[in-house]
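Inspection log for the structure reproduced underneath, given as structure tokens.
Residue numbers (full-length UniProt numbering), protein chains in the order written: chain X, 1 to 203; chain A, 1 to 203.
Structure representation (structure tokens):
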């Protein structure tokens, strides 16, 4: 009922709400405190209470938006441009990952290879031992990436909207536009975060 | 403070809580109602209030646990046991999926083929046009599946714990143990649900 009153008449003071409900302001105070703390109402000093417009769903959303790439990223598995497609496939199986990142010295990101890229090239009748991954990889600047300080939600949105299975987590190297790879975020990462949230054990 | 009192002394009546706080029961009633409604406390008539043991995170988890496979499943892409590995790879690219389900007449599920299975067999020096997928697929009863009425959280947990990218959604055919495939749940499904929750727009 408080939410309904504030929704209809806000901004409205605590005293006015108490009037509407035939209660004293003291009686109402704890309810208002809980509704404000839990995010359903906003309070502005000397103005009154506003309806925040937030439903339970939106409050859940706020919680999710606080999760960061930093807390969820995992270790990237890398190879070099000269690595053969055959060796790249072996590395993918050994490390049980769906994407390899191609780097130069210093961990600088130059390309990305997915299971899909490798499957495509293994269908052609070429000798996989002699083709280097540099020939088939997706190159900078066509790589979709994220940063340590991004929200996990933004990273998940990029995975969906760009239809990729994985994002490299990068940081800028000495102010230039050369990117160093420091992690990866995959659909597995997001699925794990979803399970943690559902089990009430998230960060 | 109410939560702390109930945690320490529960089960405890509303009157006893009011005593501890030097308040009347009437003053306390709205707080107890909100704490009970929001799930922090449990109330049992003629016994009193219990601490539910649920933190904010756990209550958030309850919201996630209400999402069902039924509302999120997508359409399965299928092939037959006789389909060649070559054609299966083409179907996978055309439909842009990571898993194909192998069915018999009536949509009965007999096997699962992943991008990983196809990549493995395409590395051998075999003729992909002549090997049927029946030879390389994972067969029943080794297929991890879920049902329409399962929670999305349980499905996500199965994806993580069994290290698979996708689950067929099945239903039992005429009381037998033959399973009909009616959908699929993938890490993409879960990532989309995560994005929807984060944007406050979930089902």
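C-beta: ideal position from N, C-alpha, C; glycine also. Bear in mind that the values here come from a model prediction, so they are computed numbers and not experimental data.
Assign residue 24 (chain X) to one of three DSSP states: helix, strand, or coil.
As a working mapping, residue 24 (chain X) is identified with position 24 in the first chain. DSSP places residue 24 (chain X) in coil when its eight states are reduced to three.
Is it the case that the Cβ atoms of residue 9 (chain X) and residue 39 (chain X) are separated by a distance below 8 angstroms?
To locate residue 9 (chain X), count along the first chain from 1; it is residue 9. To locate residue 39 (chain X), count along the first chain from 1; it is residue 39. Going by C-beta atoms, residue 9 (chain X) is not nearer than 8 angstroms to residue 39 (chain X).
What number of angstroms, rounded off, separates the C-alpha of residue 203 (chain A) from the C-alpha of residue 69 (chain A)?
Numbered from 1 along the second chain, position 203 holds the residue referred to as residue 203 (chain A). Numbered from 1 along the second chain, position 69 holds the residue referred to as residue 69 (chain A). Low confidence applies to residue 203 (chain A): its pLDDT is 42, below 50, so where it sits in the model is not reliable, and the reading given next is rough at best. The alpha-carbon atoms of residue 203 (chain A) and residue 69 (chain A) are separated by roughly 12 angstroms.
Express the C-alpha separation of residue 11 (chain X) and residue 2 (chain X) in angstroms, rounding to a whole number.
Translated into the one-based positions of the first chain, residue 2 (chain X) becomes position 2. Translated into the one-based positions of the first chain, residue 11 (chain X) becomes position 11. The alpha-carbon atoms of residue 2 (chain X) and residue 11 (chain X) are separated by roughly 12 angstroms.
Tell me which residue opens and which closes the beta strand (DSSP E) that residue 166 (chain X) is part of.
Locating residue 166 (chain X) in the first chain gives position 166, where the first residue counts as 1. Element bounds for residue 166 (chain X): 166 to 172.
If you measure between the beta carbons of residue 97 (chain A) and residue 113 (chain A), is that distance less than 8 angstroms?
Along the second chain, read from residue 1 onward, the residue named residue 97 (chain A) stands at position 97. Along the second chain, read from residue 1 onward, the residue named residue 113 (chain A) stands at position 113. Result no, Cβ atoms of residue 97 (chain A) and residue 113 (chain A) do not sit closer than 8 angstroms.
When you compare the CB positions of residue 129 (chain X) and residue 86 (chain X), do they come within less than 8 angstroms of one another, or not?
As a first step, residue 129 (chain X) is located in the first chain; it is residue number 129 there, counting from the start. As a first step, residue 86 (chain X) is located in the first chain; it is residue number 86 there, counting from the start. Yes, the Cβ-Cβ distance between residue 129 (chain X) and residue 86 (chain X) is below 8 angstroms.
Am I right that residue 109 (chain A) and residue 144 (chain A) are in contact with their C-beta atoms under 8 angstroms? What's the rounded C-beta distance?
Walking along the second chain from the start, residue 109 (chain A) turns up at place 109. Walking along the second chain from the start, residue 144 (chain A) turns up at place 144. Actually they are not in contact, since the Cβ atoms of residue 109 (chain A) and residue 144 (chain A) sit about 12 angstroms apart, beyond 8 angstroms.
Where does residue 132 (chain X) sit, in a helix, a strand or coil, going by DSSP?
Translated into positions along the first chain, residue 132 (chain X) becomes position 132. Here residue 132 (chain X) sits in strand by DSSP.
Report yes or no: is there a C-beta of chain A within less than 8 angstroms of the C-beta of residue 65 (chain X)?
Within the first chain, the letter at position 65 stands for residue 65 (chain X). Closer than 8 angstroms: yes.
Of the residues A:155, A:22, A:166 and A:183, which one's Cα is nearest the Cα of residue 138 (chain A)?
What you label residue 138 (chain A) is simply residue 138 of the second chain in a count that begins at 1. Cα-wise, what sits closest to residue 138 (chain A) is A:166.
At which residues does the beta strand (DSSP E) containing residue 41 (chain A) begin and terminate?
The count along the second chain starts at 1 and reaches residue 41 (chain A) at position 41. Start and end: 41 to 44.
Only counting the same chain, and skipping five residues up and downstream in sequence, which positions put a Cβ closer than 8 angstroms to that of residue 151 (chain X)?
Counted from its first residue, the first chain places residue 151 (chain X) at position 151. Answer for residue 151 (chain X): 65, 66, 67, 68 and 69, listed in chain order.
List in chain order: all unbroken alpha helix (DSSP H) runs of 4+ residues lying wholly within the UniProt domain "CBS" (72 to 128) of chain A.
Entirely contained in the UniProt domain "CBS" (72 to 128) of chain A, the alpha helix (DSSP H) runs reaching 4 residues are, in chain order, 85 to 95 and 115 to 123.
Pick from X:26, X:5 and X:174: whose alpha carbon is nearest that of residue 17 (chain X)?
The count along the first chain starts at 1 and reaches residue 17 (chain X) at position 17. Among X:26, X:5 and X:174, the Cα nearest to that of residue 17 (chain X) is on X:5.
Would you mind stating whether residue 83 (chain A) and residue 133 (chain A) have Cβ atoms separated by less than 8 angstroms?
Here residue 83 (chain A) is taken as the residue at index 83 of the second chain, counted from 1. Here residue 133 (chain A) is taken as the residue at index 133 of the second chain, counted from 1. A contact, by the Cβ cut-off of 8 angstroms.
What residue range is occupied by the uninterrupted alpha helix (DSSP H) comprising residue 159 (chain A)?
Within the second chain, the letter at position 159 stands for residue 159 (chain A). Looking at the DSSP string, the run of the alpha helix (DSSP H) that includes residue 159 (chain A) is 152 to 161.
Quick one: using the 10 Å Cβ neighbour count with 16 as the cut-off for buried, is residue 194 (chain X) buried or exposed?
Counted from its first residue, the first chain places residue 194 (chain X) at position 194. When all chains shown are included, residue 194 (chain X) counts as buried.
Please determine, among A:22, A:92, A:160 and A:146, the residue with the shortest C-alpha to C-alpha distance to residue 187 (chain X).
Numbered from its first residue, the first chain carries residue 187 (chain X) at position 187. When only C-alpha atoms are compared, the closest one is A:160.
Compute the beta-carbon to beta-carbon distance between residue 89 (chain X) and residue 117 (chain X), rounded to the nearest angstrom, for a pair I have assumed lies under 8 angstroms.
Position 89 of the first chain, counted from the start, is the residue given in the question as residue 89 (chain X). Position 117 of the first chain, counted from the start, is the residue given in the question as residue 117 (chain X). Actually they do not touch by this definition, with Cβ atoms about 10 angstroms apart.
Where DSSP assigns a beta bridge to residue 180 (chain A), which residues make up the other side?
Position 180 of the second chain holds residue 180 (chain A). DSSP lists A:108 and A:171 as partners of residue 180 (chain A).
Work out the CA separation of residue 171 (chain X) and residue 80 (chain X) for me, nearest whole Å.
Within the first chain, residue 80 (chain X) is the residue found at index 80, counting from 1. Within the first chain, residue 171 (chain X) is the residue found at index 171, counting from 1. When rounded, the distance between both Cα atoms is 19 angstroms.
So, at 6 angstroms on beta carbons, what are the nonlocal neighbours of residue 192 (chain A) in its own chain, with the 5 sequence-adjacent residues on each side left out?
Locating residue 192 (chain A) in the second chain gives position 192, counting from the first residue. So no residue of the chain qualifies.
Drop a sphere of 10 angstroms on the beta-carbon of residue 124 (chain A), count the other beta-carbons inside from all chains shown, and report buried for 16 or more, exposed for fewer.
Start at 1 with the first residue of the second chain, and residue 124 (chain A) comes out as number 124. Answer is exposed; the Cβ neighbour count stays below 16.
Reducing DSSP to helix, strand and coil, say where residue 48 (chain A) ends up.
Locating residue 48 (chain A) in the second chain gives position 48, counting from the first residue. Reduced to three states, the DSSP call for residue 48 (chain A) is strand.
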